[in-house]
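Novice: The structure is given below, and queries will be raised subsequently.
Residue numbers (our numbering), protein chains in the order written: chain A, 57 to 854; chain B, 867 to 1031.
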């Protein structure tokens, strides 16, 4: 049967069914589910960063109004299996044991100490206040520089060190002098600790049916199958008796991708009480106990020749991950991606990098959208800009001189990432045209004459999407790089579509429906997508690494092709035509001339009810499942570029964002509007990282940012309109040619702003080396530059 | 000691409800848990994020900052009702068409605030839209599509008015 070309509704900006529900208040988020005789959980959390638990006295709490259970470590020990976040590919990585409630030691502010289950959340909180936890305080490890000092306390004594793991990669020798360099520039950037801060906090509702021994967990999560597999192991249940439902999710961005202690605890409480148990984190709990992200101190050296060629790049990433690696994926991915993606788009003969993960007495650092990418992009593009400034080259000139050549693909990066093709030259050309760089520079120069300080920053990035089974599977971690899709055509010819990929607002459901509709010659409205339920969908990855369309869409395409062939086989028999000459279009089976032979619904009806019309050996299956997994390469690598235009007030230190441009290569765009909105949303998260967002702790590990008035996320009035353009190049595998688009916005935004601010501050000789770029950061940089202006610096070091 | 409770009478979406609730219970929680209006979303419980925005006696209000007992006798409108009214339906349709929402958690509050903006200022600039909606946080969209949807709704209403005139 002939392979179809991509046709409508692929490529159309179809609206989302979920959007209609949400805009009319009909969302079904986890906490919206009613439960009869339901109970509510509240947690007693550690008020200090490190200490020994002497006693937890729950007697008063147990006697209180509405309280059904109070659980400490002693009450649950033996009823679940503790876990360790390691990867078998890295046996040297330290993976301390993690418990649902700590047996003897607390390791960060906000760590759950005890769980109260009561008839309302308010009563549970009342009782939690009456639990007396006697904790002997110990010195906290809360500073990245001293964590490795010989006299530092050890967070995990059995690990022997606060160093979780150290890795090097690249093709050069770390720490060695660069050969072939006219100039070597060194610098260090500090990246703040973020959190994804979804508006819907972590929410869950567990119900246990002792009759069938089935545990149902409704939870705001990205990866229901992963959670099903992990909870089955931890709770000792068969995977087929655990159902994880993540229907509507109010924002996730990587934060809702792991296992948290509370997930295990609500299940244990539901199994113990035989009643539904609900937990919805309040915002303070969210800031204290959600996975945080980023926080890196990255030092780099760039070696250049006078002609503008970059000959060497070295990177040293110090990455403090908090008290434990996140489970099950570990916290290595972020640092690994910094190593992989730094300078990956440049043709550099000598690239070396080192990564050190440190334990700290702080909340865990895990995955946040665009894992590692914004750090890799910012350090690379900052160093490239510094080299350009030192050589007197325009930012675009040094990039053009060093981008991987368009005719050099396929190739591998020095860290072993396969690049099928990068469209960096085309993206840069388009970006400069979109922003009208000449006009912008002329305006900038004119305004400088009037004392107005504006800057233009460019940041190019390489991006890893649609990850396959290469790191987790062989590492002993049951995270699926494969995704599946089940299609069930009803006798009416309508389709129920059950993908393993999940949708937290990206529009994955709609994109998948468009793919299925395209293959089957149906309308989007003929396809009903049911995702986020581990009981009905094929086992798969869910939402991570921009796989929704690049992998999940591929599975849907294959399933739809199989269903199409089945329909054409039956139609061909019924109408004495060669199936290869038939096609499905607009709800009909048509012949090569386009003449309508019959309807799809008629064929479907016959497949269910009229076997008397068909030969005995003719298959009539209208339910199909197909899976897709990237095999030729671990990542679907792609690329993009961003530019920011900013104005810095040198009196107050405030940075105002005036314009932002993105050019991205997403391959085939299934739904252009949804792609662009993914990118814009990502950009604004990156702008928050650049200017506003930071989780702060004091020197004792006490959390200082506890409300949304302390942790600033961008408001509508903080950000400009963002122009998005596309460049389309092909993929190594897959029929659709779609690449991931979820990471791109975040990946380049903060680097572009950093470079823009430093461009604005250039005439003052000031350089900002810290994000978020707060007014204080800007003023400190300006003062430092003013102070050193009288005595010229000896060298180019920070 | 049991929680102090009080009975309150709330008119929600034109329907009267008499409920007995703990004195300390927020209106947002009463609307969600006691009355089933789950389109009211609780994002921060301290009046910053705007997800719980409803209309109380015609004025947009954060229902997480109002105790139920304070709202005794009030007329309350939530997204379930407002999105179906002819005065707001065009705005809702445009939000959907422009994909001015992703996860949708902020959307009820955002739509209610945007409706109030358009009632006050039928011909806003993009900057005015951004300023007015700055009390409603959205973590997904980056806001541009929301601004687009509000501007397009305003333009559509002006065009419809012009046609009628």
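Every residue gets a Cβ at the ideal spot worked out from N, C-alpha and C, and that includes glycine.
Since the model is a prediction, treat every value here as computed from it, not as a measurement.
Only counting runs of 3 or more residues, tell me where the beta strand (DSSP E) segments fall wholly within the region 512 to 587 of chain A, in order along the chain.
Specialist: 539 to 545, 551 to 555, 583 to 585
Novice: Considering only the alpha carbon of each residue, which of A:127, A:519, A:582, A:580 lies closest to residue 392 (chain A)?
Specialist: A:519
Novice: In the DSSP assignment, find the alpha helix (DSSP H) that holds residue 626 (chain A) and state where it starts and stops.
Specialist: 608 to 630
Novice: Quick one: measure Cβ to Cβ for residue 243 (chain A) and residue 397 (chain A), integer angstroms, because I've assumed they're closer than 8 Å.
Specialist: Actually they do not touch by this definition, with Cβ atoms about 18 Å apart.
Novice: Could you tell me whether any Cβ in chain B is nearer than 7 Å to the Cβ of residue 339 (chain A)?
Specialist: yes
Novice: Would you kindly report the start and end of the unbroken beta strand (DSSP E) that includes residue 833 (chain A)?
Specialist: Careful: residue 833 (chain A) lies outside any beta strand (DSSP E), inside the alpha helix (DSSP H) at 831 to 844.
Novice: Within 7 Å of any Cβ in chain B, is that where the Cβ of residue 854 (chain A) sits?
Specialist: Confidence in residue 854 (chain A) is poor, its pLDDT being 40 and thus under 50, which makes the residue's placement unreliable; the coordinate value appears in the next sentence. No, residue 854 (chain A) does not count as interfacial toward chain B.
Novice: Going along the chain, which residues of its own chain have a beta-carbon closer than 6 Å to the beta-carbon of residue 119 (chain A), five neighbours each way excluded?
Specialist: none
Novice: Please identify the residue among A:817, A:547, A:195, A:156 whose C-alpha is closest to the C-alpha of residue 108 (chain A).
Specialist: A:195
Novice: Checking 7 Å against the spacing of the C-beta atoms, do residue 789 (chain A) and residue 688 (chain A) come in under that value?
Specialist: The answer is yes: Cβ separation under 7 Å.
Novice: To be precise: take each residue of the region 752 to 781 of chain A, compare its Cβ to all Cβ atoms of chain B, and keep it if any distance is under 9 Å. Which residues remain?
Specialist: Hits within the stretch, in order: 763, 764, 765, 769, 770, 771, 772, 773, 774, 775, 776, 777, 778.
Novice: Could you pull the start and end residues of the beta strand (DSSP E) that residue 355 (chain A) belongs to?
Specialist: Where residue 355 (chain A) is concerned, the enclosing beta strand (DSSP E) stretches over 348 to 360.
Novice: What are the boundary residues of the alpha helix (DSSP H) that residue 956 (chain B) is part of?
Specialist: 952 to 963
Novice: Secondary structure at residue 814 (chain A), three-state DSSP: helix, strand or coil?
Specialist: helix
Novice: When DSSP labels each residue in this structure, what does residue 663 (chain A) get in the three-state scheme?
Specialist: Collapsing the DSSP output to three states places residue 663 (chain A) in a helix.
Novice: Once DSSP output is grouped into helix, strand and coil, what is the label at residue 848 (chain A)?
Specialist: Any reading at residue 848 (chain A) is ruled out, since the residue's pLDDT is 47, under 50, leaving its predicted position unreliable.
Novice: With respect to the beta strand (DSSP E) encompassing residue 655 (chain A), which residues constitute its N-terminal and C-terminal limits?
Specialist: 652 to 655
Novice: Using the three-state DSSP reduction, which class does residue 250 (chain A) fall into: helix, strand or coil?
Specialist: strand
Novice: Is there a C-beta anywhere in chain B that falls below 7 Å from the one on residue 79 (chain A)?
Specialist: yes
Novice: Please confirm whether residue 588 (chain A) and residue 423 (chain A) have their CB atoms less than 7 Å apart.
Specialist: no
Novice: Just to confirm the assignment: which complete alpha helix (DSSP H) runs, minimum length 4, are found wholly within the region 134 to 206 of chain A?
Specialist: With a minimum length of 4 residues, the continuous alpha helix (DSSP H) runs that stay inside the region 134 to 206 of chain A are 177 to 185.
Novice: If you count every other CB in all the chains shown that lies within 10 Å of the CB of residue 1028 (chain B), and 16 or more means buried, which is it?
Specialist: exposed
Novice: Just the Cα atoms here: how many angstroms apart are residue 850 (chain A) and residue 240 (chain A)?
Specialist: Since pLDDT at residue 850 (chain A) reaches only 41, below the 50 mark, its modelled position is unreliable, and the value read off the structure follows with that caveat. When rounded, the distance between both Cα atoms is 14 Å.
Novice: Nearest to residue 1010 (chain B) by CA position, among B:967, B:907, B:875, B:904, is which residue?
Specialist: B:967
Novice: Taking the C-alpha atoms as reference points, what is the distance between residue 290 (chain A) and residue 382 (chain A)?
Specialist: 15 Å
Novice: How would you call residue 101 (chain A), buried or exposed, if buried means at least 16 neighbouring beta carbons within 10 angstroms?
Specialist: A residue is called buried once 16 or more other Cβ atoms fall within 10 Å of its Cβ, and residue 101 (chain A) is buried on that count.
Novice: At a CB-CB cut-off below 9 Å, which residues of chain B make contact with residue 560 (chain A)?
Specialist: Ordered by position in chain B, the residues that pass the 9 Å Cβ test against residue 560 (chain A) are 968, 969, 1006.
Novice: Output needed for residue 996 (chain B): all residues of its chain with C-beta closer than 8 Å, excluding positions within five of it in sequence on either side, in chain order.
Specialist: 1009, 1013
Novice: Return the CA-CA distance between residue 472 (chain A) and residue 378 (chain A), expressed in angstroms with no decimal places.
Specialist: Straight-line Cα distance between these residues: approximately 28 Å.
Novice: Taking only three categories from DSSP, how would you classify residue 402 (chain A)?
Specialist: In this structure, residue 402 (chain A) counts as strand in the three-state DSSP scheme.
Novice: Quick one: what's residue 773 (chain A) bridged to in DSSP?
Specialist: According to DSSP, residue pairing for residue 773 (chain A) in a beta bridge does not occur.
Novice: Checking 7 Å against the spacing of the C-beta atoms, do residue 184 (chain A) and residue 172 (chain A) come in under that value?
Specialist: yes
Novice: If we define contact as Cβ-Cβ less than 7 Å, is residue 978 (chain B) a contact residue for chain A?
Specialist: no
Novice: So residue 1000 (chain B) contacts chain A; which residues on that side make the cut at Cβ distance below 7 Å?
Specialist: What residue 1000 (chain B) touches in chain A: 771, 772, 773.
Novice: Which residue's Cα is closest to the Cα of residue 412 (chain A): A:676, A:635, A:201?
Specialist: A:201
Novice: Would residue 558 (chain A) pass as a contact of residue 795 (chain A) if the rule is Cβ separation under 7 Å?
Specialist: no
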